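Note sheet for the following structure.
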Amino acid sequence: MTQVLAKYGWNDQKVKGFRAALLDWYDQNKRDLPWRRTRNPYYIWISEIMLQQTQVATVIPYFERFIKALPTIEALANVDEQELLLLWQGLGYYSRARNLKVAAQQIMEHHQGQMPQTMPELLKLKGIGPYTAAAIGSMAFDLVEPAIDGNLLRVTARIFELDADISKPSSRKIFAEILYELIDPERPGDFNQAMMDLGATVMTPTNYYPEDSPIKAYDQSFINETAALYPVKKKKIKNTKHQMLAYRIQDLKGSVLYRQHTADELLTGLWHYPIFEYDIVLDSATEDELLTPLEDYFEQLGLGALKLKLMMNPSQMIVALPKVKHVFSHRTWNLQVVPVQLEDDLQALIAGSQGLTTTASDQEHPISTLQQKLQARWEGVNR
DNA sequence: AAGGCGGGGGC
DNA sequence: GCCCCAGCCTT
1 MTQVLAKYGW NDQKVKGFRA ALLDWYDQNK RDLPWRRTRN PYYIWISEIM LQQTQVATVI
61 PYFERFIKAL PTIEALANVD EQELLLLWQG LGYYSRARNL KVAAQQIMEH HQGQMPQTMP
121 ELLKLKGIGP YTAAAIGSMA FDLVEPAIDG NLLRVTARIF ELDADISKPS SRKIFAEILY
181 ELIDPERPGD FNQAMMDLGA TVMTPTNYYP EDSPIKAYDQ SFINETAALY PVKKKKIKNT
241 KHQMLAYRIQ DLKGSVLYRQ HTADELLTGL WHYPIFEYDI VLDSATEDEL LTPLEDYFEQ
301 LGLGALKLKL MMNPSQMIVA LPKVKHVFSH RTWNLQVVPV QLEDDLQALI AGSQGLTTTA
361 SDQEHPISTL QQKLQARWEG VNR
């Protein structure tokens, strides 16, 4: 019975003690919510869909109004779409409402208007996924299924100090295995709601020292004061796109300028053509616009005003020098090589300057894959 | 596996 | 003002 929990040092007695502590607390402290006054599966269904990504306090008035207007599955199956959306207006995620109607029609057609009572059948209904099926199944039909939402993930991760990344689908299995053994088979619906209430009111995302937790004696992260570490969740970093200009600056002797990336930049310590982000439209850029970032840079270095000019006009450049794309884990650079002619003597100019050189891609100055791509692109064109 | 959905709450 | 939010569907 406790094959998985045994690995965490839990025996049957500890499991029983945990359930008792949790459910006693729930019986004393459960919130009085409209859908908790009933076992009507339709009400539970509507409330669970409304509660997805939406807070309890927001849902309550919507729920009351909804079941008054559409008191049965049959009424929902036949409702006019505009009327349905008026009932949902302001809740957001409007496909939830449209899915409700489709599911109601599925129930009318395949289940004689009665909410199905098994997990596979519930999961076939539009808008009902693993969480919602388990919530309805356990609360309305006593199915012994953990309803794993964000609260259960957080609470479970803390109790067992689980390092599994909850943002990975594969981690779901680890939580489910544990919760199938932890859930009280006598009161599965109350167990789920107790865990959710606990997560929503006591073991919240930022309350790391819940002295009033009814299960703190069972909570390894409370005992070890590690609650702040759980749950482990990989930051969802969205990959942003950036337009960059990479200047290939050459003087009359043929020396080319490289600069070393500093600690506050990507590719720290490696040598590159000077690279700057830009937000101009390349196709219609003037020579001035293209050279301005570079002039600003030299100004900053204290090298003063230099004699710079483009070696190609912008439109020529765009055609002759295809863009180089470089993908980091969290951002993508689309780089345009900009060849620039410098009248001044580069070596004399940068003598004594830290982080600038004319001799990169030798054995002393490491260059990145990005820089290799930039050079290859340039040399490919000038072969 | 990633992106879209919509509004509210936390910081 | 920005960031985040674990539910489900679609691509």
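In UniProt numbering, the protein residues as written are 1 to 383.
Don't be surprised by glycine CBs; every beta carbon is placed ideally from N, CA and C.
Treat the numbers as computed from the prediction; the structure is a model and nothing was measured.
- Here N11 is exposed, its C-beta having fewer than 16 other C-beta atoms within 10 Å.
- DSSP places D12 within a helical segment (H, G or I) once states are collapsed to three.
- Residue pairing by DSSP places M244 opposite E277, L335 in a beta bridge.
- The straight-line gap separating the alpha-carbon atoms of L162 and Y93 is approximately 31 Å.
- A direct Cα-Cα distance of roughly 9 Å separates Q114 from Y42.
- K126 and A103 do touch by the CB rule: their CB atoms are close to 5 Å apart, below 8 Å.
- By DSSP's assignment, Q250 forms a beta bridge with V256, Q341.
- For the alpha helix (DSSP H) assignment, the uninterrupted runs of no fewer than 4 residues enclosed by the segment 284-334 are, from N- to C-terminal side, 287-301, 314-320.
- As far as DSSP is concerned, H110 takes part in no beta bridge.
- Rounded to the nearest whole angstrom, the CA to CA distance from Y230 to A164 is 10 Å.
- V324 sits close to Q336, with the two beta carbons spaced by under 9 Å.
- Remark: three or more beta-carbon pairs, one from each stretch, lie closer than 8 Å, so the segment 42-55 and the segment 132-145 are flagged as touching.
- For I107, the closest alpha carbon among the candidates K124, R96, A97 is that of K124.
- Of all C-beta pairs linking the segment 342-353 to the segment 248-264, three or more are shorter than 8 Å, placing the two stretches in contact.
- Taking C-beta atoms as the reference points, F298 and L310 fail to come closer than 9 Å.
- Of the residues N151, P169, I183, Y278, the one whose Cα lies closest to the Cα of Q55 is N151.
- DSSP links H272 through a beta bridge to R259.
- Note on K234: under 16 other CB atoms within 10 angstroms of its CB, so exposed under the neighbour-count rule.
- At least 9 Å separates the beta-carbon of I148 from that of A157.
- Cβ atoms of V155 and M203 come within 8 Å of each other, at about 5 Å.
- Within the DSSP secondary-structure output, T357 pairs in a beta bridge with Y258.
- When DSSP states are grouped into helix, strand and coil, I367 belongs to the strand group.
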